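Residue numbers (UniProt numbering): 1 to 167.
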Amino acid sequence: MKTLLLVRHAKSSWNDPEMDDFDRPLNKRGKLNAPEMATRLLSRGVVPELIISSPAKRARATARIMAKEWKYPKEAILLEEELYLCYASTFLKVITKIDDDFNAVAIFAHNPGITDFANYLTEEIRIDNVPTTGIFGIEANTEHWEEFDRAKKRFLFFDYPKSEGLV
């Protein structure tokens with residue numbers, strides 16, 4: 001079994017309208033929500049063995065904050081250029097390259113791709129929008145990430161800061 005966690009970056013700052021989108025940092029709420037959501041994931045008994053992130057500043061920062069809560073070394077976070085503002089299909093390209101030694105993986109990325117990909121993965125639940133710091137969890141009945149797309153999947157959970165952990 002393989003567990004995939006799709007994590008949308010935490011709330012970012014729009015204080016500087018001239019700043020390049022790639023370089024936007026987290027705002028105060030984002031810095032508070034990220035450790036809260038990491039703790040919620042721990043309470044579910046799910047801890048990623050591998051973290052892959054978009055290289056955009058807000059995604060990297062979210063991944064680092066959550067990694068700290070999970071006791072995951074921030075230098076071990078893999079940055080994947082393709083995840084910056086990608087389409088749903090790009091997630092599959094990234095996933096098929098994951099080493100099979102890892103059974104639980106968290107991917108930090110952006111909308112609209114992350115919402116589109118979450119909806120692609122299951123017919124059990126439809127999501128209008130994965131909000132900032134939202135986490136979508138799914139399990140695939142396979143031992144190989146290369147087979148993830150074809151494997152039977154089971155929806156695990158969808159959680160985000162304002163859901164109060166009830167979803």
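Even for Gly, the Cβ is constructed at its ideal location relative to N, Cα and C. Note that the structure is a prediction, hence the values are computed from the model and not measured.
Secondary structure within the region 63–123: the alpha helix (DSSP H) runs of 4 or more consecutive residues, fully enclosed, are 88–96, 113–121 (chain order). DSSP, reduced to helix, strand and coil, places residue 22 within a helical segment of the structure shown. For residue 49, the three-state secondary structure derived from DSSP is coil. Beta-carbon to beta-carbon, residue 19 and residue 139 are separated by about 38 Å, too far to satisfy the 8 Å threshold. Sequence-distant partners of residue 155 (beyond 5 residues in either direction) whose C-beta falls short of 7 Å from its own C-beta, in its chain, are 122, 124, 125, 138. Setting aside the 5 residues that flank it on each side, residue 152 is surrounded in the same chain by 141, each with a C-beta closer than 6 Å to its C-beta; the list follows chain order. A contact is defined here as three or more CB-CB pairs under 8 Å, and the region 79–99 fails this definition with respect to the region 27–47.
When DSSP states are grouped into helix, strand and coil, residue 40 belongs to the helix group. Annotation for residue 3: the continuous beta strand (DSSP E) segment containing it runs 2–8. The C-beta of residue 143 has fewer than 16 other C-beta atoms within 10 Å across all chains shown, which makes the residue exposed.
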